[in-house]
Amino acid sequence: MNNEKTAIQTTYFSIIGNVALALIKGLAGFFGNSYALIADAIESTTDIFASFLVLIGFKYAERPADKNHPYGHGKIEPLITFGVVAFLVVSATLIAYESIQNIQTPHKVPKSWTLIVLGLIIIWKEISFQIVIKKSKQTNSSSLKADAWHHRSDAITSVMAFIGVSIAIIYGKGYETADDWAALFASAFILYNSYLILRPALGEVMDEQLYDNLILEIRKKSIEVEGVLGTEKCFVRKAGMKFHVDLHVIVNSKISVKVGHDIAHALKDYLRKEISNLEQVLIHIEPNE
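When the letters of the sequence shown are read in order and numbered with my numbering, they come out as residues 168 to 456.
This is how it looks when you write it as structure tokens:
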């Protein structure tokens with residue numbers, strides 16, 4: 168299965184899980200008197216829309232290169248990541264607003280059984296995070312990484328809710344708002360994670376040179392090709408799940424243009440064979456003078 172198909176299937180997994188959890192959290196929060204669980208349900212609802220946005224991005228990025236997009240459509244992915252981060256910021260803002268409102272509103276102590284619900288949610292969301300983050304690394308997808316952190320932020324929100332509800336239940340009257348304070352703290356953590364997700368996606372759009380390990384691998388593989396004496400400049404750009412490479416290689420200055428041309432083609436084919444996530448590879452020939 169190629170990276171695009173893997174990413175799409177993983178996104179469907181996220182959507183189904185978030186729909187189920189939004190319903191469970193909302194119902195448990197309403198009947199269990201837990202405002203933190205209701206805030207958690209809001210966060211899961213925004214996750215659903217964010218995952219749909221990721222899915223649309225993957226479907227678009229699957230389109231092959233064409234006349235107007237010779238490098239393909241992969242750049243849509245970091246743009247989608249911006250949208251996912253926006254959903255994270257919106258959800259964190261909603262949670263913070265609702266928490267502040269609820270802190271100022273007298274309400275009952277949450278039901279003790281809500282702790283069981285929260286415990287199961289925490290376990291499931293952490294499992295979901297591990298599954299999706301593994302797929303994001305496998306596919307080199309910034310959008311999947313953002314989606315994975317939606318799961319992790321959801322788990323963190325639930326952990327905060329668990330602590331807050333536990334305090335409210337243990338200490339009783341006077342501590343009813345403990346779960347609201349917990350949700351407020353979780354919203355700040357979600358905002359911080361939003362920045363961590365946004366930064367690499369911004370670097371991808373700006374074509375920052377962030378791929379030193381890949382460049383090192385390209386240089387090592389290049390000198391394995393007959394006729395390549397060494398490498399000079401090597402620039403790497405990421406577009407979606409693929410990388411585009413501009414590489415200057417050193418060859419014998421005495422060879423003909425035809426031989427240099429053949430070496431360049433052999434090197435391009437070899438690099439794309441040995442490093443599966445390379446797409447466009449542009450080779451520039453330099454004489455060894």
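All residues carry an ideal CB built from backbone N, CA and C; glycine is no exception. Model, not experiment: these values are computed from the prediction.
Quiz prompt | Which of helix, strand or coil DSSP assigns to residue 394 | solution = coil
Quiz prompt | Range of the contiguous beta strand (DSSP E) that encloses residue 447 | solution = 445-454
Practice problem: Would you decide whether residue 373 is buried or exposed? Buried here means 16 or more other CB atoms lie within 10 Å of its CB. | Solution: exposed
Quiz item: Got a sec, what are the start and stop residues for the beta strand (DSSP E) residue 377 sits in?
Solution: In the DSSP assignment, residue 377 falls outside any beta strand (DSSP E), carrying neither H nor E.
Quiz item: Among residues of its own chain, excluding the 5 on either side of residue 342, which ones have a beta-carbon nearer than 7 Å to its beta-carbon?
Solution: 334, 335
Quiz item: Going by DSSP, which residues form a beta bridge with residue 416?
Solution: 398, 452
Quiz item: Nearest-angstrom Cα distance between residue 251 and residue 400?
Solution: 35 Å
Quiz item: So what does DSSP say about residue 230, is it helix, strand or coil?
Solution: coil
Practice problem: Below 8 Å on the Cβ atoms is my guess for residue 208 versus residue 350; work out the distance and round it to an integer in Å. | Solution: The beta-carbon separation of residue 208 and residue 350, rounded to 11 Å, does not stay under the 8 Å limit for a contact.
Quiz item: When you compare only the Cα positions, how much space is there between residue 329 and residue 286?
Solution: 7 Å
Quiz item: Buried or exposed: residue 457, going by 16 or more other Cβ atoms within 10 Å of its Cβ?
Solution: The first residue shown for the chain is 168 and the last is 456, placing residue 457 beyond what the model contains.
Self-check item: Secondary structure of residue 409, DSSP reduced to three states
Solution: strand
Practice problem: Compare the Cα-Cα distances from residue 412 to each of 384, 423, 430, 445 and report the closest residue. | Solution: 445
Quiz item: Nearest CA to the CA of residue 417: which residue from 430, 447, 272, 278?
Solution: 430
Practice problem: Give a yes or no on whether the C-beta atoms belonging to residue 213 and residue 311 are separated by under 8 Å. | Solution: no
Practice problem: Grab me the residues of residue 415's own chain with a C-beta within less than 6 Å of its C-beta, minus the 5 sequence neighbours each way, in chain order. | Solution: 399, 400, 451, 453
Practice problem: Tell me, to the nearest whole angstrom, how far the beta carbon of residue 441 is from that of residue 405; I am working on the premise that it is less than 8 Å. | Solution: That pair is no contact at about 18 Å.
Quiz item: Between the C-alpha atoms of residue 272 and residue 182, what's the straight-line distance to the nearest angstrom?
Solution: 33 Å
Quiz item: Is DSSP giving residue 276 helix, strand or coil here?
Solution: Secondary structure at residue 276: coil, using DSSP grouped into helix, strand and coil.
Quiz item: With a CB to CB cut of under 6 Å and the five nearest residues on each side skipped, what residues in its chain are close to residue 365?
Solution: 252
Quiz item: So what does residue 404 bridge to, in DSSP terms?
Solution: 411
Quiz item: Just the Cα atoms here: how many angstroms apart are residue 270 and residue 367?
Solution: Going from the Cα of residue 270 to the Cα of residue 367 covers about 36 Å.
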